[in-house]
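Enquirer:
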Amino acid sequence: LTPGMKISALSLSQEIGVSRTPVRLALQQLSAEGFVVMKANKAAHVAKPSVRNIRELFYLRQVLESTAVTLACQNVEKKDIKKLREINDLEGKTFKARDLSRYTDANEAFHLQIAKMADNELLFETIEKLVAQSSIILSLFDPFYDFSKEDEINYKKENEMLISFIEN
6 LTPGMKISAL SLSQEIGVSR TPVRLALQQL SAEGFVVMKA NKAAHVAKPS
56 VRNIRELFYL RQVLESTAVT LACQNVEKKD IKKLREINDL EGKTFKARDL
106 SRYTDANEAF HLQIAKMADN ELLFETIEKL VAQSSIILSL FDPFYDFSKE
156 DEINYKKENE MLISFIEN
């Protein structure tokens, strides 16, 4: 589904073989999470974020994830660093293979592992929501398949520098 696309609860319920009630509930949940726009007595539509929305989302992620890194530094254990390095390796492999689905999963796991290490439930839940929203935006607008070998190397280095920072 593309941004702005109309979503018919009836068509969707028929397509997946369930009644309209669970589809409507799912659309309400997606609306609460910012993925779908629903207006009274009107069809639901896939959210279409503006440039401003996207900038605000990534700014908020930057602020909150910086806080998560600070807190993670206070709570870090060797097993956490090992986990971050494992995720970073997987992320690098999926990036190199240009497997967008697995790369997105690994990228989300990396950011959420740091948020988990912050040991602040509300912060984790908020970052989790923002990461999910930004992953969808990136899948629509990011030139994932156009990165150079140099971009690939630099990206992995940035994550490794962050891991080292937290470890130290």
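Counting in our numbering, the sequence shown runs from 6 upward without gaps.
By construction, the Cβ of each residue, glycine as well, lies at the ideal position given by its N, Cα and C atoms.
How big is the Cα-Cα spacing for Val-28 and Lys-134?
Expert: Position 23 of the sequence shown, counting from 1, holds the residue named residue 28. Position 129 of the sequence shown, counting from 1, holds the residue named residue 134. Cα-Cα distance, rounded: 21 Å.
Enquirer: From the DSSP output, which residues share a beta bridge with His-116?
Expert: Position 111 of the sequence shown holds residue 116. In DSSP, His-116 forms no bridge with anything.
Enquirer: Would you kindly check if the distance between the Cβ of Ile-132 and the Cβ of Leu-111 is under 8 Å?
Expert: Within the sequence shown, numbered from 1, the residue matching residue 111 stands at position 106. Within the sequence shown, numbered from 1, the residue matching residue 132 stands at position 127. This sequence places Ala at residue 111; Leu is not what is there. Contact flag unset, no.
Enquirer: Assuming Thr-72 and Leu-128 make a contact with CB atoms under 8 Å, what is their CB distance in whole Å?
Expert: Counting from 1 along the sequence shown, the entry for residue 72 is found at position 67. Counting from 1 along the sequence shown, the entry for residue 128 is found at position 123. Confirmed, Cβ separation roughly 7 Å.
Enquirer: Lys-44 by DSSP, collapsed to three states: which one?
Expert: For the purposes of this step, residue 44 is taken as the residue at position 39 of the sequence shown. Of the three classes helix, strand and coil, the one that applies to Lys-44 here is coil, per DSSP.
Enquirer: With DSSP collapsed to three states, give me the class of Lys-53.
Expert: As a first step, residue 53 is located in the sequence shown; it is residue number 48 there, counting from the start. DSSP places Lys-53 in coil when its eight states are reduced to three.
Enquirer: What does a CB cutoff of less than 8 Å around Glu-121 pick up in its chain, not counting 5 residues either side in sequence?
Expert: Position 116 of the sequence shown, counted from the start, is the residue given in the question as residue 121. Per the sequence shown, the amino acid found at residue 121 is Lys instead of Glu. The answer, listed in chain order, is Phe-129.
Enquirer: Where do the ends of the alpha helix (DSSP H) carrying Pro-27 lie?
Expert: Translated into the one-based positions of the sequence shown, residue 27 becomes position 22. Note, Pro-27: alpha helix (DSSP H), 25-37.
Enquirer: Do three or more CB pairs link the segment 39-54 to the segment 135-142 at distances below 8 Å?
Expert: Contact holds: three or more Cβ-Cβ distances are below 8 Å.
Enquirer: Would you say Val-4 and Ile-21 are within 8 Å of each other, going by their C-beta atoms?
Expert: The chain is shown only over 6 to 173; residue 4 falls outside these bounds and no answer can be derived.
Enquirer: Could you name the residues of the same chain whose beta carbon sits closer than 6 Å to that of Ala-49, not counting the 5 residues immediately before and after it, in chain order?
Expert: Sequence index remark: in the sequence shown, residue 49 carries index 44 (1-based). Contacts found: Ile-12, Leu-32, Val-41 and Met-43.
Enquirer: At what residue ranges does the segment 54-121 contain a whole run of the alpha helix (DSSP H), taking only runs of 4 or more?
Expert: Entirely contained in the segment 54-121, the alpha helix (DSSP H) runs reaching 4 residues are, in chain order, 56-80 and 83-101.
Enquirer: Starting from Thr-131, trace the alpha helix (DSSP H) in both directions and tell me its first and last residue.
Expert: As a position in the sequence shown, residue 131 is number 126, starting the count at 1. It spans 126-146 - the alpha helix (DSSP H) in which Thr-131 sits, taken as one unbroken run.
Enquirer: As a quick exercise: from Arg-66, Lys-98, Ala-77 and Lys-154, pick the residue whose alpha carbon is nearest that of Asp-124.
Expert: Your numbering for residue 124 matches position 119 in the sequence shown. If we check each option's Cα against that of Asp-124, Ala-77 comes out closest.
Enquirer: Here's the rule I'm using: 16 or more other beta-carbon atoms within 10 Å means buried, otherwise exposed. How should Ile-158 be labelled?
Expert: As a first step, residue 158 must be located in the sequence shown, where it is residue number 153. Classification of Ile-158: exposed, given that the 10 Å Cβ count is below 16.
Enquirer: If you compare alpha carbons, which of Ser-106, Ile-119 and Lys-162 is closest to Gln-79?
Expert: The sequence position of residue 79 within the sequence shown is 74, counting from 1. Of Ser-106, Ile-119 and Lys-162, the residue nearest in Cα terms is Ile-119.
Enquirer: Given Leu-145, which residues of its chain have a CB within under 7 Å of its CB, disregarding the five upstream and five downstream residues?
Expert: Counted from its first residue, the sequence shown places residue 145 at position 140. Excluding residues within five positions, the ones whose Cβ falls inside 7 Å are Pro-8.
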